[in-house]
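Numbering (this note's numbering), first residue to last: 8 to 402.
Built from N, CA and C at the ideal position, the CB exists for glycine as well.
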């Protein structure tokens with residue numbers, strides 16, 4: 008008799024494919040899809056249009072209302088989706104705006120309701136102060152009445168989302184693991200992509216991320232302008248989408264950098280592009296633990312990141328963490344323009360526990376543990392779960 012699949016509903020963190028959604032799909036790609044069904048919950052149906060979402064057989068469930076616009080309609084929409092019989096609700100969360108979905112899931116005695124912190128701040132330019140007030144209000148109110156599990160991608164992300172009422176040894180750090188072979192350096196990809204983009208004989212600086220407040224593109228453009236003044240062979244490649252792209256394009260045009268800055272949009276061959284670039288930069292204002300930085304380190308490229316990013320993300324010695332000071336970034340980038348040896352980092356990435364093949368197996372065991380799919384709130388048995396090698400955040 009065919010075993011019933013364990014159905015997992017993932018609350019998407021963005022309306023498109025961001026780092027969180029990529030991470031969810033990365034895990035699912037390496038799990039047994041005969042035993043598990045992943046679906047996305049989102050307010051925007053755009054997620055369903057992405058090729059990889061379709062190829063993985065992920066269903067996209069949408070709702071339209073918010074608590075502010077029509078709370079009763081929101082409750083109705085969410086309950087209709089929960090009626091489809093999910094075993095696990097996995098809330099991928101950046102900051103608190105409420106926990107109505109979690110509350111509805113717990114009231115229905117859904118076996119696992121996981122709140123998973125993926126960030127360490129609020130990705131907003133305007134309205135940030137008010138959003139922070141709301142976040143702090145719900146952070147103080149949240150407790151284990153609203154979830155069965157608290158997870159985070161880093162200790163920094165855990166402290167951001169969960170207040171002191173959540174014991175730190177009850178929070179699990181789930182690593183943003185990657186396909187180590189896929190992202191390792193490939194000389195053929197390097198030559199192919201550089202030729203395709205017309206970047207032969209150039210020093211190529213790359214950034215991957217949404218055009219949003221969090222990613223701090225404005226700072227990056229100013230830094231690159233300083234680099235380009237010193238070396239007109241420098242090129243900047245920007246990979247990603249987002250509402251802030253038009254403003255950054257206008258900034259590039261105003262600074263007369265159009266011929267030196269490439270806007271590539273969303274790309275599904277990030278592994279190939281990481282082999283093509285000479286330096287990876289991430290001047291983010293805030294991050295949980297960026298998957299793309301793990302991927303970049305695996306490719307052997309040197310990385311310069313802001314000191315706003317947790318040092319937990321520095322899993323090799325290929326990373327420089329700098330304050331957001333333009334002159335300091337320009338100086339450091341200049342040292343790498345003289346050239347460096349690109350090392351194979353696969354062993355270090357594996358040793359640090361970021362191999363997706365291993366971590367997907369850990370997640371499978373956790374999801375399908377029959378003892379925890381009994382319905383209703385439960386207190387996890389930490390001894391059993393450390394046996395599964397899920398890291399526990401002990402403060």
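Would you mind working out which of the options sits nearest residue i, comparing C-alpha positions?
| i | options | result |
| --- | --- | --- |
| residue 47 | 35, 66, 102 and 34 | 66 |
| residue 317 | 333, 159 and 52 | 159 |
| residue 292 | 180, 340, 130 and 284 | 130 |
| residue 152 | 34, 108 and 302 | 108 |
| residue 301 | 341, 215, 256 and 348 | 215 |
| residue 167 | 223, 20, 376 and 127 | 127 |
| residue 340 | 222, 133, 237 and 204 | 237 |
| residue 349 | 43, 324, 98 and 147 | 324 |
| residue 357 | 372, 68 and 186 | 186 |
| residue 266 | 204, 296 and 61 | 204 |
| residue 372 | 78, 246 and 38 | 38 |
| residue 248 | 217, 16, 143 and 44 | 217 |
| residue 208 | 284, 45 and 171 | 284 |
| residue 370 | 43, 77 and 220 | 43 |
| residue 336 | 194, 188, 148 and 235 | 235 |
| residue 279 | 201, 173 and 226 | 201 |
| residue 304 | 251, 173, 353 and 347 | 353 |
| residue 351 | 34, 375, 333 and 192 | 192 |
| residue 71 | 60, 61 and 83 | 83 |
Indicate the three-state DSSP secondary structure (helix, strand or coil) for residue i in the structure shown.
| i | result |
| --- | --- |
| residue 344 | coil |
| residue 158 | strand |
| residue 5 | Absent from the structure is residue 5, since the part of the chain shown begins at 8 and ends at 402. |
| residue 32 | helix |
| residue 378 | Annotation note: pLDDT 46 at residue 378 (below 50); position unreliable, coordinate value reported separately. Here residue 378 sits in helix by DSSP. |
| residue 213 | strand |
| residue 187 | helix |
| residue 241 | strand |
| residue 45 | strand |
| residue 89 | helix |
| residue 394 | Any reading at residue 394 must be qualified, since the residue scores a pLDDT of 28, below 50, and its modelled position is unreliable; the value itself is stated next. The answer is helix: DSSP assigns residue 394 an H, G or I state. |
| residue 17 | strand |
| residue 166 | helix |
| residue 356 | helix |
| residue 181 | coil |
| residue 24 | coil |
| residue 362 | strand |
Which same chain residues, not among the five before or five after residue i, have their C-beta less than 7 angstroms away from its C-beta?
| i | result |
| --- | --- |
| residue 184 | 361, 362, 363 and 366 |
| residue 381 | Its pLDDT being 37, under 50, residue 381 is placed unreliably in this model, and the value from its coordinates should be taken loosely. Hits under 7 angstroms: 118. |
| residue 391 | Note that residue 391 has pLDDT 30, beneath the 50 cutoff, so the model's placement of it is unreliable and the number below is only indicative. For residue 391, where only same-chain residues beyond five positions count, there are no Cβ hits under 7 angstroms. |
| residue 221 | 130, 291, 292 and 293 |
Measure the beta-carbon distance from residue i to residue j and round it to whole angstroms, keeping in mind my assumption that it falls under 8 angstroms.
| i | j | result |
| --- | --- | --- |
| residue 13 | residue 57 | Incorrect: roughly 23 angstroms between the Cβ atoms, too far for contact. |
| residue 259 | residue 228 | 6 angstroms |
| residue 306 | residue 190 | 5 angstroms |
| residue 36 | residue 54 | Contact doesn't hold; Cβ gap of about 16 angstroms is too wide. |
| residue 241 | residue 262 | Between residue 262 and residue 241 the Cβ distance is about 13 angstroms, and since that is not below 8 angstroms, they are no contact. |
| residue 355 | residue 322 | 7 angstroms |
| residue 105 | residue 74 | 6 angstroms |
| residue 264 | residue 290 | The pair is not a contact, with the Cβ atoms about 16 angstroms apart (cut-off 8 angstroms). |
| residue 164 | residue 125 | 6 angstroms |
| residue 89 | residue 115 | 6 angstroms |
| residue 86 | residue 19 | Contact flag wrong, Cβ pair sits at about 19 angstroms. |
| residue 274 | residue 246 | 5 angstroms |
| residue 282 | residue 175 | Wrong, their Cβ atoms sit about 39 angstroms apart, outside the cutoff. |
| residue 103 | residue 149 | 7 angstroms |
Note down, in chain order, each residue of its chain lying with its Cβ closer than 6 angstroms to the Cβ of residue i, except the 5 sequence neighbours on either side.
| i | result |
| --- | --- |
| residue 243 | 212, 231 and 268 |
| residue 286 | 212, 309 and 343 |
| residue 120 | 96, 109, 112, 113, 154 and 155 |
| residue 30 | 183 and 298 |
| residue 328 | 312 and 314 |
| residue 378 | Residue placement at residue 378 is poorly supported in this model, since its pLDDT is 46, which falls under 50; the coordinates are not used for a value here. |
| residue 270 | 245 |
| residue 295 | 125, 126, 127, 160, 161 and 164 |
| residue 40 | none |
| residue 27 | 20, 99 and 125 |
Below 8 angstroms CB to CB, which residues in the same chain sit around residue i once its five sequence neighbours on both sides are set aside?
| i | result |
| --- | --- |
| residue 162 | 180, 317, 319 and 400 |
| residue 188 | 353 |
Of all Cβ atoms in chain D, is any one closer than 8 angstroms to the Cβ of residue i?
| i | result |
| --- | --- |
| residue 83 | The chain inventory of the structure shown lacks chain D, comprising one protein chain alone. |
Secondary structure, alpha helix (DSSP H): runs of 4+ residues fully inside the stretch 105–164: 107–114 and 135–148
Whole alpha helix (DSSP H) elements within the stretch 251–329, 4-residue minimum: 252–261, 277–283 and 298–305
Completely contained alpha helix (DSSP H) runs for the stretch 59–103, where each covers 4 or more residues: 74–89
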